[in-house]
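Visitor: Under the working numbering, the residues of the sequence shown are numbered 1 to 405, in order.
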Amino acid sequence: MGRKVSDSDSVRRQNRGLVLGALRVQGPLSRTALAAATGLSHASITAITQDLIAQCVIVELVASEKSDARSRGRPATQLGFNRAIGTAALLELDVNRARMSLVDYGGVLVDRIETPITPTTFAFISATDFLAEQLAHLQSRNADDAPPIRRVAISVQGILDRPGHGLRWSPIAHLAGQSFGEELAAQLGLPVTLYKRGRLLAEGARWLDPALHDASVATVFVGSTVAMGMTFRGQILGRGDEGATEFGHMNHIPNGALCRCGMRGCIEAYAADYGVLRSAYSVPETTTPAPAVPAHEYDGLIVSAQAGDRNATHAFNQAGRAIGFGLSRMMAVFDPAHILIVGPGARAFPLMQAEITAALSSALVCRINGLPEIIAHHDEKEPIFQGLMMKTLNDIDQIDFAALV
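What follows is the structure, encoded as structure tokens:
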């Protein structure tokens, strides 16, 4: 008897998860559309949605006017998420800035704050205290009307420790070696999850364009670092639960330019903003990389290259060559239909495109199958934010609410 009850609860959780997942992917749906999207019977959909409405997880939305005047009867009532049941706090942390966003359960941005990060920020304050202060400030700005925070998710640069509580290494100075995820969770009494930027790039690419949701895509971030996330037919690839690669630290030239990671010859050492800056000003390759490059300096190099400056043009050519040969090596084991370039470097893509294309053309798989479609997405924050938001809201769906049986 106990086994039957357990199995029944498991099925109910699974079916509730299917309903919430369909709403998360497709937006508000009628009960009939939910049945079609999930494969569940109309009777099951009716029972599940009644429970979810009673638990205030979803709500019936105001029916819109019929789009076809020839159709008869009342328009179908659509179901959507109850935005007032909770929020998620999302923090994007990189070498230049921390951006904290508060989004409601429906995925609508409630508020956002941004704070500069310097090479000395975490020398004077622990990451746990810094993040707690940012969150407290965000909560104080929305004390009157914001629903309670249910989860905190943090996008980080670097290599996560095995438990996922902190970073073993990070380009963000003084951040590695702190278990700030675990400490913040204990302090707040909330689930706190750390995600590598590459995993979020892969997740976010699925939401940027509906046509890419189930496609095989390599999403490359080019900016303060070089990172990659990959999806194979919509499924995220990578090491373990991190779902990301160390593309930027793939060796490009043995014993080559010094990378922020301390190794020499990494793709990042040529293609990240500090590598382009170092090359454009003919600084020796063995010079310690700048801990951070102001955005205006990188943008200035783009303008100079576009105006024909030979040094700046050469620097972006080198960056494109490093990225291109890294992609050509990747395509020996993974053949995506699309390559998405995001980050500040997307604005410099026309300056790197010829070298990227030339390097890819040298790969056997590209000679046989042709080049993948390469797309430059110019909003460097959007893919990471979208990935962070959708991953976190999906966790609330499946872990918090699907289990309310």
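C-beta: ideal position from N, C-alpha, C; glycine also.
Everything numeric in this text was worked out from a predicted model, so none of it was measured.
According to the Cβ coordinates, are PRO198 and ALA176 closer than 8 angstroms?
Guide: Reading the sequence as shown, one finds Gly at residue 198 and not Pro. Not a contact, by the Cβ cut-off of 8 angstroms.
Visitor: I'd like the span of the alpha helix (DSSP H) that includes ILE58, first residue to last.
Guide: Looking at the DSSP string, ILE58 is not in any alpha helix (DSSP H); the run it does join, the beta strand (DSSP E), is 58-60.
Visitor: Looking at LEU388: is its Cβ nearer than 8 angstroms to the Cβ of VAL220?
Guide: Their beta carbons are not under 8 angstroms apart, which means LEU388 does not touch VAL220 by this criterion.
Visitor: When you compare each of ILE356, ALA205, GLN306 and LEU371 to VAL342 by their alpha carbons, which one comes out closest?
Guide: Per the Cα distances, ALA205.
Visitor: Short of 6 angstroms in beta carbon distance, which residues of its chain neighbour ALA35, apart from the five on each side in sequence? Order them along the chain.
Guide: Closer than 6 angstroms at the Cβ level, and outside the excluded window around ALA35, lie HIS42 and ILE45.
Visitor: Please name the residue in ALA173, ALA186 and ILE117 whose C-alpha comes closest to that of ARG151.
Guide: The shortest C-alpha separation from ARG151 is found at ALA186.
Visitor: What is the C-beta distance between LEU131 and PHE180, in whole angstroms, given that I count them as a contact (C-beta under 8 angstroms)?
Guide: Between PHE180 and LEU131 the Cβ distance is about 6 angstroms, and since that is below 8 angstroms, they are a contact.
Visitor: Mark HIS252 as exposed unless 16 or more other C-beta atoms lie within 10 angstroms of its C-beta, in which case mark it buried.
Guide: Answer is buried; the Cβ neighbour count reaches 16.
Visitor: Let's test the definition: count the other Cβ atoms within 10 Å of the Cβ of ARG16 and tell me whether it reaches 16, buried, or not, exposed.
Guide: Buried is the call here.
Visitor: Using three-state DSSP, classify VAL110 as helix, strand or coil.
Guide: VAL110: strand per DSSP, three-state reduction.
Visitor: What's the call for PRO163, buried or exposed, on a 16-neighbour Cβ count within 10 Å?
Guide: Result: exposed.
Visitor: At which residues does the beta strand (DSSP E) containing GLU92 begin and terminate?
Guide: Unbroken beta strand (DSSP E) run through GLU92: 87-93.
Visitor: Assign GLN386 to one of two classes, buried (16 or more other C-beta atoms within 10 Å of its C-beta) or exposed (fewer than that).
Guide: That one is buried.
Visitor: What's the C-alpha gap between VAL62 and ALA37?
Guide: Approximately 21 angstroms between the Cα atoms of the pair.
Visitor: Going by beta carbon distance, what residues of the same chain come within less than 6 angstroms of ALA84, once the five residues before and after it are set aside?
Guide: Result list for ALA84: PRO147, in chain order.
Visitor: Are the Cβ atoms of LEU29 and LEU79 separated by less than 8 angstroms?
Guide: Closer than 8 angstroms, so yes.
Visitor: Express the C-alpha separation of VAL95 and PRO171 in angstroms, rounding to a whole number.
Guide: Going by the C-alpha atoms only, they are around 7 angstroms apart.
Visitor: So, with DSSP's three-state summary, where would you put THR32?
Guide: The answer is helix: DSSP assigns THR32 an H, G or I state.
Visitor: Report the option in PHE122, ALA123, PRO119 and LEU102 whose CA atom is closest to the CA atom of ILE113.
Guide: Closest by alpha carbon: LEU102.
Visitor: Specify the secondary structure class of VAL293 as computed by DSSP and reduced to three states.
Guide: If DSSP states are grouped into helix, strand and coil, VAL293 belongs with coil.
Visitor: Report back the beta-carbon spacing between VAL110 and ILE154 to the nearest angstrom; my notes put them in contact at under 8 angstroms.
Guide: Not a contact, Cβ separation roughly 18 angstroms.
Visitor: Using DSSP bridges, identify the partner residues of GLU373.
Guide: For GLU373, which the question treats as bridged, DSSP gives the partners HIS338.
Visitor: So, does the CB of ALA211 fall closer than 8 angstroms to a CB anywhere in chain B?
Guide: Structure shown: chain B not included; a single protein chain is present.
Visitor: For MET100, report the span of its beta strand (DSSP E) as first-last.
Guide: Residues 97-104.
Visitor: Starting from LEU184, trace the beta strand (DSSP E) both ways and give me its first and last residue.
Guide: Premise fails: LEU184 lies in the alpha helix (DSSP H), 180-188, not in any beta strand (DSSP E).
Visitor: Confirm, please, whether the CB-CB distance from THR87 to GLU60 is below 8 angstroms.
Guide: Taking 8 angstroms as the Cβ cut-off, GLU60 and THR87 do not qualify as a contacting pair.
Visitor: Please state whether the Cβ-Cβ distance between GLY265 and ALA257 is less than 8 angstroms.
Guide: In contact: GLY265 and ALA257 (Cβ atoms closer than 8 angstroms).
Visitor: Go through the stretch 346-372 residue by residue and report every complete run of the alpha helix (DSSP H) that reaches 4 residues or more, in order.
Guide: Taking only runs of at least 4 residues, the alpha helix (DSSP H) segments lying wholly in the stretch 346-372 are 349-361 and 364-369.
Visitor: From GLU382 to ILE396, what does the alpha carbon distance come to, in whole angstroms?
Guide: The alpha-carbon atoms of GLU382 and ILE396 are separated by roughly 21 angstroms.
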